[in-house]
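Quick note, the sequence shown lines up with residues 110 to 1012 if you use this note's numbering.
Just so you know, even glycine gets a beta-carbon here, dropped at the ideal spot from N, CA and C.
Just so we're clear, the structure is a prediction, and the values are computed from it rather than from any experiment.
First comes the structure, then the notes that go with it.
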Amino acid sequence: MPDEANAHYSALIDQLIEGHQWLEKNLGVKPKTGWAVDPFGHSPTQTYLLRQAGLSNMLIQRVHYTVKKHFSSQKTLEFFWRQNWDQDSSSDILCHMMPFYSYDVPHTCGPDPKICCQFDFKRLPGGRISCPWRIPPQAITNNNIQERVQTLLDQYRKKSKLFRTKVLLAPLGDDFRYTEAVEWDQQFNNYQKLFDYMNSHPELHVKAQFGTISDYFQALRKSTGMDPEGMNVGQLALPVLSGDFFTYADRDDHYWSGYFTSRPFYKRLDRILESHLRAAEVLYSLTLANIQKYGRPSEYPAVDNYKLLTEARRNLGLFQHHDAIAGTGKDWVVVDYGTRLFHSILNLKRVIVSSAHWLVLKDKQTYYHDPSNPFLQMDDVQPSQDALPRKTVLEVSGKPRLLVVSNPTEQARASMVTVYVNTANVRVLNALGHVVHAQVSAVWNDATHAATDVFQLSFVARAAPLGLRVYQLMEGMEPSTEAAKYMFLQDGGRISVNKLEHFQQFYQNDGASVHIENPHLKLSISTATGLLEKMRSKDDDSEHQVKVEFAWYGTTSNKDKSGAYLFMPDKEATIYSPSQPPVVRVTKGPLFSEVTTSFTHIKHTLRLYNMQGVEGQSVEICNTVDIRGEINREIAMRITSDLNSKDRFFTDLNGYQVQPRKTMAKLPLQANFYPMTSMVYLQDSSARLSLLTAQSLGAASLKSGQLEVIMDRRLNQDDNRGLGQGVLDNKITANSFRLLLEKRSSAEEAQNEETAPNSYPSILSHMSYMYLNHPLISMPVSQNSDASSLIPYSPLSASFPCDVHLVNLRAIQSKEEGGGPSEQAALILHRKGFDCGFSNRNTGLLCATTSGKINLEKLLTDLKVKSITPVSLSLMHTYNSEADPQEISLKPMEIRTYRLQLG
């Protein structure tokens, strides 16, 4: 059961495929029904993925208690769940919502837990657990069976009145159950006696039996005259519903919006593993297909790499659990998850470098595999599972040092690459030996002290879709390599910094503001705080107030306080005001400019890339947060704009779709926070302001024009939801965002959108999110190779259409023993829905849209499509397709899987 708030749809798909393939291989089973009793709120993204995987039914449990009450009174607890963007019923899935407080036995036989608990026979007197209502179960005997049957049946009948059919589900289980034989006997033998009695007394008008969840749905469908698997509504027309079930509360004002942020260090690590896994999968699949084409045995470690991929898929899948990415595990369990993520990232780097090595070699005969001394290295190293990665320093000399740059996205792109080098005198050349414009910046030990033996080298790398490019770094003076200039401010005034050897300081006297700009944007930043105040768009010369602040939340003084799950603030947030004025460092350079402010708890950086196109359109925001010394506090970033968004804002669900939200003053503050997996935005008739994120966090818009994101939380107590501890294992955590301000091209579309059930990001927003979460990967060549031995690699002749995303190209396990790959891969594509109401001019997008059509054979450069078959999302079912399989056609929002063989 994955978490449905923080998990990204690509990881949810990966988990489904890994699990379904395992079940089919080891048990010969293909699942038909989804079971989600414990995720804390439910997302329609998961329902869509289950439907695409060929499931027909699903069950959910944790829904806000008021919503459950309403559904019970209307008898709508069983319904067809439809996507809010769906024009017809093709996305429908039959859903059962459990009506009561919990999924344990006291809350599943009927409305009275005191009675239902007496029918949980693990709690018989003398066992380890008992009933908190102090009336224990009795073993069923001839003497008590009549009274026991009447008592249980009364609960069953009361429960069945909440549903439209006569078929009733009464689950029998709990956490950590059926772990020893004695419980099986206690439950089975006692219930069998009850069922035998019921079934042999026709005057009771009941037939009772054990069954599986699929047996239940089969009986339900039969009783309503529905297809066994289809989605026709049947005689007892069940309602159709769209939307999501966030934010969950199980009683009072106990809203579960804390876990949208809890343990944010690992929420970020999850995304890093996801992007490494996708990059490794694609490079691995392309390498296997290329090796086949060359038709000779290779030293390439295909089986070893496949085992590393499998382990990474399983560790990522495990981490999607509703107590893992949710941040609601015990400290020692969190360390185990973190260690698994950390090891898998290291292993995936091995897969990436060994695959890239094969693909860029001109003479494939010279390939060798030496794990202890690989030909390519990664340019950063994470020292341990709970530490941030550090850049490795490249030794640059008079001989060219080669750097291979991989573009994991399916679009041609120009993006910044930054590496650390040992000298400020360095030149960058491309594979042909032409000089590339570069910027040298300082590496800072703290706010004002620069390292003297290591430097940041940044340049714009241009890479083909899914391609590899080669660059050369050499020592030497070079006019095209320019050094950044610096200015230091404190308390609004300039301070001078000594010993800044390789860099000049500058001074601009603008009074209250300092400015940084690029071809698209000009930012005004306070000289006193180093925080953003205004954004001017140069494309139409419009200026907006966009003010960044930080704020603290405390926790309530009531008995029930915030913990890993619950957010229970004491009052509205108080603005973060540092005890002493922070040092503000302004960097200006030809390729990027940035402003870094060092507060006690936050290192905050605003960066503009000085380039045309996608990378230049948004502001990059990096916050390194450290609240390890705090007690019962949560820290938020707040962005206040002059957009007239009223009480409406928009958050995504699992990076797949956007759900409109309405802030309600009548609800407690914590009820107005929602999960943000990839973005949150607000808008008025003329503009939209989006915050794109590189990690899942809780987000809200508590006032018109305002966005707020909780970045970390430190809580000293348990919140009584089963964890048994507070959240005190905080780390130094890096949160990354992009802030995007877009102009609407027509105001009337904005009017329609006020009430629309759905909303879509712009293409630029989708692309900026991709760039943020799938950065270019730079791999230095470890030894002195000359540039002529490597060639760029371009598997595609053109970019994918702008709105079609390659979710994965995932090698499929071979049927033979030994755990290696087969010759086939799962090609997973997603056609993104987008809002056309935003101008695409000047966005520099290097792709087009094609109404969802792709001809794969034409896109590939040197590989051929041997076979392609449409299958269900997790490859359990094969679809017969009349159409030409080479011409792939996707509807907006559709995710499709194909079984693909390349050669």
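Within this structure, are the beta carbons of valine 623 and valine 695 separated by less than 9 Å? Residue 623 sits at position 514 when you count from the first residue of the sequence shown. Residue 695 sits at position 586 when you count from the first residue of the sequence shown. In this structure, valine 695 lies closer than 9 Å to valine 623 by Cβ.
I need the boundaries of the beta strand (DSSP E) containing serine 923, first residue and last residue. Position 814 of the sequence shown, counted from the start, is the residue given in the question as residue 923. Serine 923 -> no beta strand (DSSP E), and no H or E assigned at all.
Where tryptophan 131 sits in the DSSP three-state scheme: For the purposes of this step, residue 131 is taken as residue 22 along the sequence shown, with counting starting at 1. In this structure, tryptophan 131 counts as helix in the three-state DSSP scheme.
Over the uninterrupted alpha helix (DSSP H) stretch that includes glutamine 295, give me the two end residues. As a position in the sequence shown, residue 295 is number 186, starting the count at 1. Element bounds for glutamine 295: 290-308.
Using the DSSP secondary-structure output, state which residues sit across from proline 215 in a beta bridge. The residue you call residue 215 lines up with position 106 of the sequence shown. Looking at the DSSP assignment, proline 215 forms no beta bridge with any residue, so it has no partner.
When DSSP builds the beta bridges, which residues end up paired with tyrosine 790? Counted from its first residue, the sequence shown places residue 790 at position 681. Paired residues: Phe759, Ser799.
Give me the Cβ distance between arginine 522 and alanine 572, rounded to the nearest whole Å; I'm assuming they're in contact under 8 Å. Within the sequence shown, the letter at position 413 stands for residue 522. Within the sequence shown, the letter at position 463 stands for residue 572. The pair is a contact, with the Cβ atoms about 6 Å apart (cut-off 8 Å).
Of all the beta strand (DSSP E) runs that stay within the bounds of the region 452-538, which reach a length of 3 or more residues? 510-515, 522-530
Could you spell out the range, first to last residue, of the alpha helix (DSSP H) harbouring valine 176? Numbered from 1 along the sequence shown, position 67 holds the residue referred to as residue 176. Start and end: 174-183.
According to DSSP, residues forming a beta bridge with serine 845: Within the sequence shown, residue 845 is the residue found at index 736, counting from 1. Bridge partners of serine 845: Cys731.
To which residues of the same chain is proline 373 closer than 7 Å at the C-beta, ignoring the five residues directly before and after it? What you label residue 373 is simply residue 264 of the sequence shown in a count that begins at 1. For proline 373, where only same-chain residues beyond five positions count, the Cβ hits under 7 Å are Gln804, Leu806, Met820, Asp821, Thr842, Asn844.
Spatial neighbours of tryptophan 144 in its chain, beta-carbon cut-off 8 Å, leaving aside the 5 residues before and after: One-based indexing of the sequence shown puts residue 144 at position 35. Correct list, in chain order: Met110, Met167, Leu168, Ile322.
Report the CB separation of glycine 929 from valine 412 in whole angstroms; it is logged as a contact under 8 Å. For the purposes of this step, residue 929 is taken as the residue at position 820 of the sequence shown. For the purposes of this step, residue 412 is taken as the residue at position 303 of the sequence shown. Indeed they touch by this definition, with Cβ atoms about 4 Å apart.
Identify which residue in Val315, Trp293, Ile244 has its Cα closest to the Cα of arginine 266. Within the sequence shown, the letter at position 157 stands for residue 266. Nearest C-alpha to arginine 266: Val315.
Can you tell me which of the three DSSP states tyrosine 157 falls into? Working through the sequence shown from its first residue, we reach residue 157 at position 48. It is helical.
Assuming the contact rule is C-beta atoms closer than 8 Å, phenylalanine 597 and valine 692 should be a hit. Round their C-beta distance to whole Å, please. Translated into positions along the sequence shown, residue 597 becomes position 488. Translated into positions along the sequence shown, residue 692 becomes position 583. About 6 Å separates the two Cβ atoms, so the contact holds.
Determine the contact status of serine 567 and valine 526, defining contact as a CB-CB distance below 9 Å. Counted from its first residue, the sequence shown places residue 567 at position 458. Counted from its first residue, the sequence shown places residue 526 at position 417. In this structure, valine 526 lies closer than 9 Å to serine 567 by Cβ.
For serine 605 versus histidine 546, is the C-beta spacing smaller than 9 Å? Here residue 605 refers to the residue found at position 496 when the sequence shown is read from its first residue. Here residue 546 refers to the residue found at position 437 when the sequence shown is read from its first residue. It is not a contact, given that the beta carbons lie outside the stated cut-off.
Rounded to whole angstroms, what is the Cα-Cα separation between threonine 419 and arginine 449? The residue you call residue 419 lines up with position 310 of the sequence shown. The residue you call residue 449 lines up with position 340 of the sequence shown. Whole-angstrom Cα-Cα distance: 13 Å.
As an exercise, report each continuous beta strand (DSSP E) stretch of at least 3 residues that is fully enclosed by the region 228-262, in chain order. none
Within the continuous alpha helix (DSSP H) that includes phenylalanine 374, where are the two ends? Indexing the sequence shown from 1 puts residue 374 at position 265. Its alpha helix (DSSP H) spans residues 373-403.
Out of Trp194, Tyr210, Phe209, Phe189, point me to the one whose CA is closest to aspartate 201's CA. Stepping through the sequence shown from its first residue, residue 201 is reached at position 92. Closest option to aspartate 201, Cα to Cα, is Phe189.
In chain order, what are the residue ranges of uninterrupted alpha helix (DSSP H) at least 4 long that sit wholly in the region 418-452? none
Would the beta-carbon of aspartate 432 fall within 9 Å of that of aspartate 838? Start at 1 with the first residue of the sequence shown, and residue 432 comes out as number 323. Start at 1 with the first residue of the sequence shown, and residue 838 comes out as number 729. Not closer than 9 Å, so no.
Check whether the region 330-349 and the region 773-790 are in contact - that is, three or more C-beta pairs closer than 8 Å. no
Which term fits lysine 670, buried or exposed, when burial requires 16 or more other beta carbons within 10 angstroms of its beta carbon? Taking the first residue of the sequence shown as position 1, residue 670 is located at position 561. Buried.
Hey, could you find the ends of the alpha helix (DSSP H) serine 931 is sitting in? Stepping through the sequence shown from its first residue, residue 931 is reached at position 822. Note, serine 931: premise wrong, no alpha helix (DSSP H); beta strand (DSSP E) at 930-940.
Which two residues bound the contiguous beta strand (DSSP E) that contains alanine 145? Here residue 145 is taken as the residue at index 36 of the sequence shown, counted from 1. Where alanine 145 is concerned, the enclosing beta strand (DSSP E) stretches over 142-145.
Using the Cα positions of proline 153 and serine 874, report the straight-line distance between them to the nearest angstrom. The residue given as residue 153 occupies position 44 in the sequence shown. The residue given as residue 874 occupies position 765 in the sequence shown. C-alpha separation (whole angstroms): 22 Å.
Is leucine 281 helix, strand or coil when you go by DSSP? Counted from its first residue, the sequence shown places residue 281 at position 172. Three-state DSSP puts leucine 281 in coil, outside helix and strand.
So, are the CB atoms of alanine 907 and leucine 968 less than 9 Å apart? Your numbering for residue 907 matches position 798 in the sequence shown. Your numbering for residue 968 matches position 859 in the sequence shown. Yes.
Would you report the Cα separation of leucine 136 and serine 894, rounded to the nearest angstrom? Taking the first residue of the sequence shown as 1, we reach residue 136 at position 27. Taking the first residue of the sequence shown as 1, we reach residue 894 at position 785. Roughly 50 Å separates the two Cα atoms.
Selection from Thr959, Ile977, Thr958, Ser960 that minimises the alpha carbon distance to glutamate 966: By 1-based counting over the sequence shown, the position of residue 966 is 857. It is Ile977 whose Cα lies nearest to the Cα of glutamate 966.
So for serine 887, helix, strand or coil by DSSP? If you number the sequence shown from 1, residue 887 lands on position 778. Three-state DSSP puts serine 887 in a strand.
Extent of the continuous alpha helix (DSSP H) to which isoleucine 322 belongs: One-based indexing of the sequence shown puts residue 322 at position 213. Unbroken alpha helix (DSSP H) run through isoleucine 322: 322-333.
At a cut of 8 Å, does the region 535-542 reach the region 736-749 through at least three beta carbon pairs? no
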